[in-house]
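**Student:**
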Amino acid sequence: NAKLRARDMVLFAKQGIVTNVLNRVLEKLENLDEERYLEFVGNRIKQIKEPDDTIEVLLTKGMKQKVGKEVFGYKVSEETVSSGCSIKVGELFYNNEFTTLLDFYKEDLEKEILERIFT
307 NAKLRARDMV
317 LFAKQGIVTN
327 VLNRVLEKLE
337 NLDEERYLEF
347 VGNRIKQIKE
357 PDDTIEVLLT
367 KGMKQKVGKE
377 VFGYKVSEET
387 VSSGCSIKVG
397 ELFYNNEFTT
407 LLDFYKEDLE
417 KEILERIFT
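Residue numbers for the sequence shown, in the numbering used here: 307 to 425.
1. Which one or two residues does DSSP pair with I354 in a beta bridge?
2. Between the Cα of I393 and those of K355, D414 and L415, spot the shortest distance and give me the residue it belongs to.
3. Going by other Cβ atoms of all chains shown within 10 Å of its Cβ, with 16 needed for buried, is M315 buried or exposed?
4. Answer yes or no: do V437 and V373 have a C-beta to C-beta separation smaller than 9 Å?
5. Roughly how many angstroms lie between the CA atoms of N402 and I323, to the nearest whole one?
6. DSSP three-state call for T425: helix, strand or coil?
7. Using 9 Å as the threshold, is the C-beta distance between D359 and Y343 below it?
8. Quick one: residues in its chain with C-beta nearer than 6 Å to the C-beta of E385, no 5 flanking neighbours on either side, listed in chain order?
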């Protein structure tokens, strides 16, 4: 049926646009300047319900080299992440890598993108 094929083509095109936008968002996040990156890390630390001195922060390799052994008074891990940050609190591990966050919020982000572009 021609109507179904046309509908499928429109849906495919919209999905392509959404994917493109999400890829650009990830690229921008991965290229945050130092100030905005550290603001992100600080906000992630603040969201931990019971922060204590066992917090260990995993940063990107480049940012780890810039900040040294501590960030906001917490130990910087020897381990690194590819983007964003992760935080260890004892046995708990908070994964705040940008790819993980985008995947987690993908459904909501897709709706938002479609609403902003097509309404």
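Using N, Cα and C, we set each Cβ at its ideal position, and we do this for glycine too. Computed from a predicted model, the values in this text were never measured in an experiment.
**Tutor:** Quick look at the numbers:
1. Per DSSP, none; premise fails for I354.
2. Residue K355 is the option with its Cα nearest to I393.
3. When all chains shown are included, M315 counts as exposed.
4. Since the displayed the chain opens at 307 and closes at 425, residue 437 lies outside it and no answer follows.
5. Roughly 25 Å separates the two Cα atoms.
6. Coil.
7. No, the Cβ-Cβ distance between D359 and Y343 is not below 9 Å.
8. The residues are L364.
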